[in-house]
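The structure under discussion appears below in the form of C-alpha cells.
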Amino acid sequence: MEESEWLTSSNATAMLEDTEFRSERKIRLFAVACCRRVWQVLPKPTVRELVEVAEQFAEGSATFGQLIDAGVSAERAVLNDCEVSITRDLAARNANATWCVLAASELYADSVASRDLSSLEEWDEADHAESVAQSDLLRDIFGNPFRPVAFSPDWRSDTAVSLAMHIYESRDFSAMPILADALQDAGCDNDDVLSHCRDPQQVHVRGCWVVDLVLGKA
Numbered sequence: 010m011e012e013s014e015w016l017t018s019s020n021a022t023a024m025l026e027d028t029e030f031r032s033e034r035k036i037r038l039f040a041v042a043c044c045r046r047v048w049q050v051l052p053k054p055t056v057r058e059l060v061e062v063a064e065q066f067a068e069g070s071a072t073f074g075q076l077i078d079a080g081v082s083a084e085r086a087v088l089n090d091c092e093v094s095i096t097r098d099l100a101a102r103n104a105n106a107t108w109c110v111l112a113a114s115e116l117y118a119d120s121v122a123s124r125d126l127s128s129l130e131e132w133d134e135a136d137h138a139e140s141v142a143q144s145d146l147l148r149d150i151f152g153n154p155f156r157p158v159a160f161s162p163d164w165r166s167d168t169a170v171s172l173a174m175h176i177y178e179s180r181d182f183s184a185m186p187i188l189a190d191a192l193q194d195a196g197c198d199n200d201d202v203l204s205h206c207r208d209p210q211q212v213h214v215r216g217c218w219v220v221d222l223v224l225g226k227a
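Here is the structure:
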C-alpha cells in the first residue's frame, strides 16, 4: 500500500494487511475501538468485559492471565461465530486485529439487517460503512506511517502534557483544538500534528497518535 492509498482507503482490512505495524499496544487499542463501535450489538456482558480487560492489558493494568480468563469466559458465553471471532482475537497474545475488524463489521451489518429486515444490498452498505469508520480509526491511532513525525521533547510543555493526560483519561476529545494551541505555544510547527488536532471532522479514540506522542506512549 502506498501513502496515497493509506490516506484515502476505506478498506480497513487491506490497510492492516498491507502495512507493517510494530506497536502491539496500538493494534490492541484499535481492535478495542472497533468493538466499542458495536458496543450495543455485543449481546453478552462477558464479551464487553473482555473488551475492557483487553484495553487494560494493552495499557499494562491487567495481566495476560486475566486477559485469557476473560477471553475464556466470553467464548463460553457466546454461540455466534462472529462473536467468537472477536473473543478469540482479543484473547490471543499476538492479536490479529484483522479478524476483530471483520467480526465487528459483520456484527454491525447483522444488527442492521435484523432490525430493518434489510436486503443483501443494504447489509453490504452497512458492512462497508463500518469498514470506512474503522479506516478512520486506523488513521487516528497510527497517523501516517509513511511520514512519521519527529516529535520534539520541547513541545511537551506542562500545559500540553496536562491536556493530553486529561483527554486520554476522560476520553473527551473536545479539547483537541486546545491541545493544538498548547503545542503551538510550545514551538510545534508540524502541520500534520496541528491539523490532526484541529480538524472538526477527525475521529479520535484512545491511542490517538498525537496524544500518544505528547504522553510518550508507543
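Residues in the sequence shown are numbered from 10 upward in steps of one, following my numbering.
Even for Gly, the Cβ is constructed at its ideal location relative to N, Cα and C.
Exercise for review: Please confirm whether L146 and A42 have their CB atoms less than 8 angstroms apart.
Suggested key: Taking C-beta atoms as the reference points, L146 and A42 count as a pair closer than 8 angstroms.
**Study point:** E26 versus V50, E11 and V220, residue with shortest Cα-Cα distance
**Key:** Nearest C-alpha to E26 among V50, E11 and V220: E11.
Practice item. At 4 residues or longer, and completely inside the stretch 171-227: list those alpha helix (DSSP H) runs for me, N to C. Key: Along the length of the stretch 171-227, whole alpha helix (DSSP H) runs at least 4 residues long occupy 185-194, 200-207 and 218-224, reported in chain order.
Exercise for review: Taking 8 angstroms as the cut-off, decide whether the C-beta atoms of V60 and C44 are in contact.
Suggested key: With respect to C44, V60 sits close: the two C-beta atoms are nearer than 8 angstroms.
Check your understanding: At a cut of 8 angstroms, does the stretch 188-207 reach the stretch 33-40 through at least three beta carbon pairs?
Key -> They do not touch, by the three-pair rule.
Exercise for review: With DSSP collapsed to three states, give me the class of F73.
Suggested key: Three-state DSSP puts F73 in a helix.
Practice item. Using three-state DSSP, classify V158 as helix, strand or coil. Key: Coil at V158, not helix or strand.
Check your understanding: By how many angstroms is the C-alpha of Q65 removed from the C-alpha of R57?
Key -> Straight-line Cα distance between these residues: approximately 13 angstroms.
Exercise for review: Provide the residue span of the alpha helix (DSSP H) that contains Q65, from first to last.
Suggested key: Run containing Q65: P54 to A67, per the alpha helix (DSSP H) assignment.
**Study point:** Anticipated Cβ contact below 8 angstroms, T168 with A191, distance rounded
**Key:** Yes, they are in contact, since the Cβ atoms of T168 and A191 sit about 5 angstroms apart, within 8 angstroms.
Practice item. Provide the residue span of the alpha helix (DSSP H) that contains S19, from first to last. Key: If you look at S19, you'll find it isn't in any alpha helix (DSSP H); DSSP assigns it neither H nor E.
Exercise for review: Report the rounded CA-to-CA distance for A227 versus D133, giving the unit in angstroms.
Suggested key: A straight-line Cα-Cα distance of about 35 angstroms links A227 and D133.
Practice item. Determine the closest residue to Q210 out of K53, P186 and G216, with distance taken between C-alpha atoms. Key: Comparing alpha-carbon positions, the option among K53, P186 and G216 lying closest to Q210 turns out to be P186.
Practice item. Would you kindly work out how many angstroms separate the C-alpha atoms of A173 and V223, rounded to a whole number? Key: C-alpha separation (whole angstroms): 7 angstroms.
Point to revise | Contacts around R180, its chain only, beta-carbon distance under 7 angstroms, and the 5 residues preceding and following it disregarded | key: Within the same chain, R180 has close Cβ partners R215.
Check your understanding: Whose C-beta lies closer than 8 angstroms to the C-beta of G152 among residues of the same chain, with five residues either side of it excluded?
Key -> Around G152: V158, D201, H205, W218 and V219.
Exercise for review: Compute the beta-carbon to beta-carbon distance between A83 and K53, rounded to the nearest angstrom, for a pair I have assumed lies under 8 angstroms.
Suggested key: In this structure A83 is in contact with K53, their Cβ atoms being roughly 7 angstroms apart against a cut-off of 8 angstroms.
Exercise for review: Specify, as a first and last residue, the run of the alpha helix (DSSP H) that R37 falls within.
Suggested key: Segment E33 to R46, the alpha helix (DSSP H) holding R37.
Exercise for review: For S166, collect the residues of the same chain with a Cβ closer than 6 angstroms to its Cβ; drop the 5 residues on either side in sequence, then sort them by chain order.
Suggested key: The beta carbon of S166 is closer than 6 angstroms to those of A195 in its chain, skipping five residues each way along the sequence.
Exercise for review: Please report how far the alpha carbon of E68 lies from the alpha carbon of E131, in whole angstroms.
Suggested key: E68 and E131: Cα-Cα distance of roughly 37 angstroms.
Check your understanding: Which word fits W48, buried or exposed, when buried means at least 16 other C-beta atoms lie within 10 angstroms of its C-beta?
Key -> Around the beta-carbon of W48, fewer than 16 other beta-carbon atoms lie within 10 Å, marking it exposed.
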